[in-house]
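Colleague: Could you have a look at this structure, given as structure tokens, before my questions?
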Amino acid sequence: NRQSHHFKQVFRVAELLGYEGVGDSIHVEFGFMKLPEGAMSTRKGNAISLDAVIDEAITRARAVIKEKNPDLANADEVARQIGLGAIKYFDLSHNRRSDITFRWDDALSFEGNTGPYLQYTHARLRSILRKAGQENLHPNFPSSRGGLALDSLEHRLAVAVLRFPEAIEDALGDYSPHILAQYLYRLADVANEFYHAHPVLQEADPARRSFRLALVGAVALTLKNGLYLLGIDAPEEM
202 NRQSHHFKQV FRVAELLGYE GVGDSIHVEF GFMKLPEGAM STRKGNAISL
252 DAVIDEAITR ARAVIKEKNP DLANADEVAR QIGLGAIKYF DLSHNRRSDI
302 TFRWDDALSF EGNTGPYLQY THARLRSILR KAGQENLHPN FPSSRGGLAL
352 DSLEHRLAVA VLRFPEAIED ALGDYSPHIL AQYLYRLADV ANEFYHAHPV
402 LQEADPARRS FRLALVGAVA LTLKNGLYLL GIDAPEEM
């Protein structure tokens with residue numbers, strides 16, 4: 202944001218000098234990142250390097266995995282994906298114009314509106330599909346629901362999935378990845394509510410079970426694609 206006036210001058214000078222295409226130039230400004238005690242400064246010796254943040258994020262992710270799923274295959278690679286996902290999502294989930302106060306606990310949190318929360322939701326949904334023997338199937342909805350009436354949660358989740366292209370378009374239109382991040386967080390929240398209210402694998406009605414599995418597959422795929430657009434991996438297991 203501090204360079205906004207400067208770039209207005211640069212674009213105007215370039216336009217007056219006759220450079221082509223300057224009228225389409227855009228300065229995508231973003232806020233200032235600081236520490237709770239104030240601005241980072243190499244002169245003051247309080248700057249935090251990206252390497253240090255990445256190492257700390259991976260270390261914390263590895264500790265969580267060791268506690269919750271010690272037998273996880275490829276634990277080191279998953280820890281790297283989770284750690285980097287936490288850092289990227291912390292940055293991109295903020296409005297790019299807003300100033301950000303860097304706190305370790307906020308940046309590397311694994312609960313709430315965070316990258317690891319979205320990754321864990323995706324992994325949980327993928328686990329349902331594996332247990333149902335449908336992990337390699339594309340989430341095609343049944344051509345006919347046979348008069349199957351959707352309950353409120355099923356409807357909310359289906360509508361949320363359908364809004365994915367709109368979230369992408371809005372994020373691109375304003376160069377604001379936080380719009381996509383907020384959409385994915387809301388989708389994950391509804392998905393977790395659905396997961397707890399409807400044990401998909403225990404559903405006795407074949408038509409409803411088939412529909413719910415397709416819905417789970419659609420949400421998992423949407424979360425994976427949305428995280429990909431934010432530069433974040435979606436592990437199959439966590």
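Note that my numbering numbers the sequence shown so that position 67 is 268, with each residue one more than the last. Glycine residues also receive a C-beta, built at the ideal position from the N, C-alpha and C atoms. Note that the coordinates shown come from a computational prediction; the quantities given were computed from them, not determined experimentally.
Using 8 Å as the cut-off, can you tell me whether the segment 291 to 303 makes contact with the segment 369 to 389, which would need three or more C-beta pairs spanning the two stretches below that distance?
Modeller: Touching, yes.
Colleague: For Q335, which option in I266, V211, R410, E367 has the closest C-alpha, if you only look at C-alpha atoms?
Modeller: Among I266, V211, R410, E367, the Cα nearest to that of Q335 belongs to R410.
Colleague: Which same chain residues end up closer than 7 Å to L402 when comparing Cβ atoms and leaving out the 5 residues on each side of it in sequence?
Modeller: Cβ neighbours of L402 beyond the five flanking positions: I329, K332, A333.
Colleague: If you run the structure through DSSP and keep just helix, strand and coil, what is N239?
Modeller: First, the residue type needs correcting, since residue 239 is Gly and not Asn in the sequence shown. Of the three classes helix, strand and coil, the one that applies to G239 here is strand, per DSSP.
Colleague: Apart from the five residues just before and just after L354, which ones in its own chain have a Cβ nearer than 8 Å to its Cβ?
Modeller: The answer, listed in chain order, is V391, E394, F395, A398, H399.
Colleague: Going by C-alpha distance, which of R213, L326, D292, R327 is nearest T315?
Modeller: The shortest C-alpha separation from T315 is found at D292.
Colleague: With distances taken Cα to Cα, identify the nearest neighbour of L349 among S226, D434, P407.
Modeller: Closest by alpha carbon: P407.
Colleague: Would you give the residue range spanned by the alpha helix (DSSP H) that D256 belongs to?
Modeller: Looking at the DSSP string, the run of the alpha helix (DSSP H) that includes D256 is 251 to 269.
Colleague: Give the list of continuous alpha helix (DSSP H) stretches no shorter than 4 residues that lie fully inside the segment 371 to 422.
Modeller: Counting only runs of 4 or more, we get 378 to 398.
Colleague: Quick check: the Cα distance between R357 and R364, rounded to an integer number of angstroms?
Modeller: About 11 Å.
Colleague: Do the CB positions of F303 and I249 come within less than 8 Å of each other?
Modeller: Yes.
Colleague: Measure the Cβ-Cβ separation of E481 and R327 and say whether it is below 8 Å.
Modeller: Outside the shown range of the chain (202 to 439) lies residue 481, about which nothing can therefore be said.
Colleague: Answer with buried or exposed for K209, where buried requires no fewer than 16 other C-beta atoms within 10 angstroms of its C-beta.
Modeller: Label assigned to K209: exposed.
Colleague: Just to confirm before moving on: does the CB-CB distance between A389 and L424 stay below 8 Å?
Modeller: Yes, they are a contact pair.
Colleague: Please classify R244: is it buried, with 16 or more other beta-carbons within 10 angstroms of its beta-carbon, or exposed?
Modeller: That one is exposed.
Colleague: Note down, in chain order, each residue of its chain lying with its Cβ closer than 7 Å to the Cβ of Y321, except the 5 sequence neighbours on either side.
Modeller: Taken in chain order, the residues that qualify are M439.
Colleague: Mapping the DSSP letters down to three states, classify T315 as helix, strand or coil.
Modeller: Looking at T315 - three-state DSSP - the assignment turns out to be coil, as it is neither helix nor strand.
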